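Residue numbers (the numbering used here): 1 to 213.
Just so you know, even glycine gets a beta-carbon here, dropped at the ideal spot from N, CA and C.
This one's a predicted model, so the numbers in the text were calculated from it and none came from an experiment.
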């Protein structure tokens with residue numbers, strides 16, 4: 001081997017050695033990158049998992065809150081329906097009195113309204129003063145069954161102070177009556193009576209209906 005061949009061989013050997021060194025360095029760097037990448041991926045996955053859990057927790061919390069709110073709404077609606085039914089039954093009870101009781105009820109109810117209107121006019125029983133004219137509206141059933149006897153009794157009770165007649169129209173009410181005098185109208189229907197009492201009785205009724213005892 002002459003001198004030139006030795007030099008070429010040396011260059012080749014050095015080149016091979018450098019190549020191996022570069023390959024080993026590249027493999028090492030690649031492995032390091034892989035390790036770092038895997039670590040970063042795990043970190044990202046962990047962060048995503050935490051965030052997902054946080055989202056799931058928030059979603060669950062919102063769902064629970066919505067569920068509680070919906071449950072309260074249902075309970076309130078149910079209680080309101082029970083109270084409505086209770087007062088509706090009170091109306092039905094007043095309508096379903098015996099004929100004698102219901103007749104007396106109508107007479108007392110209408111006469112009370114007449115006296116209130118007369119009092120507002122500062123009118124007393126005075127034979128020298130023209131009686132005040134009243135008309136009374138009943139529902140269709142009460143017009144047929146009770147109006148004649150009720151108005152007859154009212155006329156005898158208010159001789160000289162009031163003339164009480166049946167109105168020609170029919171009132172669309174469950175029971176009771178509508179008392180008219182000129183521009184004055186007094187709603188003495190059973191619905192109006194129960195509604196007027198409801199505000200003062202509702203709390204007591206709720207205590208009875210929804211008591212835990």
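Residue i classed as buried or exposed, judged by whether at least 16 other C-beta atoms fall within 10 angstroms
i	result
residue 202	exposed
residue 66	exposed
residue 182	exposed
residue 137	buried
residue 91	buried
residue 160	exposed
residue 175	buried
residue 4	Any reading at residue 4 is ruled out, since the residue's pLDDT is 48, under 50, leaving its predicted position unreliable.
residue 120	exposed
residue 94	buried
residue 142	buried
residue 184	exposed
residue 188	buried
Segment limits, beta strand (DSSP E) that includes residue i
i	result
residue 170	Neither: residue 170 is in no beta strand (DSSP E) and is coded neither H nor E.
Range of the contiguous alpha helix (DSSP H) that encloses residue i
i	result
residue 143	140-145
residue 98	Neither: residue 98 is in no alpha helix (DSSP H) and is coded neither H nor E.
For residue i: DSSP bridge partner residues
i	result
residue 165	135
residue 180	135 and 185
Touching by the beta-carbon criterion (3+ pairs, under 8 Å), the stretch 96-114 and the stretch 168-188 | yes
Segment contact, 8 Å Cβ cut-off, at least three pairs: the stretch 186-202 with the stretch 158-168 = no
Within the chosen definition, does the stretch 69-78 reach the stretch 144-160 through at least 3 CB pairs nearer than 8 Å?
-> no
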